[in-house]
Every structure is written in structure tokens, then in C-alpha cells.
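Position one of the sequence shown corresponds to residue 28 (this note's numbering), numbered consecutively onward. Please read the structure below before turning to the comments.
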Amino acid sequence: MAISLNDLTYFIELTDTFNFSRAAERIGIAKPSLSAAIKRLESVIGVPLFIRIKTGVLLTPVGK
28 MAISLNDLTY FIELTDTFNF SRAAERIGIA KPSLSAAIKR LESVIGVPLF IRIKTGVLLT
88 PVGK
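Shown next as C-alpha cells:
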């Protein structure tokens, strides 16, 4: 499976906001769609890019 331009755009937006709800709102997609896209990107790359915490997300060393 290839990485899509949308997936990279979503990754960048999430690194700007560190919050799924805010990133999804800024992109104009539903929060579950953003979450699925990030999970798909992490699956393609083979490593987690974010650590999900109660207040949002943090970048993993690979995500940085």
C-alpha cells in the first residue's frame, strides 16, 4: 500500500495541532476519518508516529 498525499497532509496538520479534533476540523474531515488515515499511515510505515494521550497526541521519535 502506498502513502497518499492526503495521509501526509493529515500527518502534517496533526503535528501542527497535536489534537485529532482540531486537526480534523481544520482539514474539514470527520475525526474518525483522520484517525483511520493516521493508523493507515503508521501501518504502511510500520511504526507508530504518535503516542495517543488523554489531551491529544505526542510525536514518537520516528514521528519527529
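Note that CB positions come from ideal geometry on N, CA and C, so glycine has one too.
Does the distance from the CB of residue i to the CB of residue j come in under 8 Å?
i: residue 98; j: residue 84; result: The requested residue 98 is not part of the displayed model; the chain covers only 28 to 91.
i: residue 30; j: residue 71; result: yes
Only counting the same chain, and skipping five residues up and downstream in sequence, which positions put a Cβ closer than 8 Å to that of residue i?
i: residue 62; result: 47
i: residue 76; result: 38, 65, 68, 69, 86, 87, 89 and 90
i: residue 80; result: none
Where does residue i fall in DSSP's three states?
i: residue 39; result: helix
Can you give, in chain order, each stretch of the alpha helix (DSSP H) that sits fully within the region 43-87 and has at least 4 residues? 47-54 and 58-72
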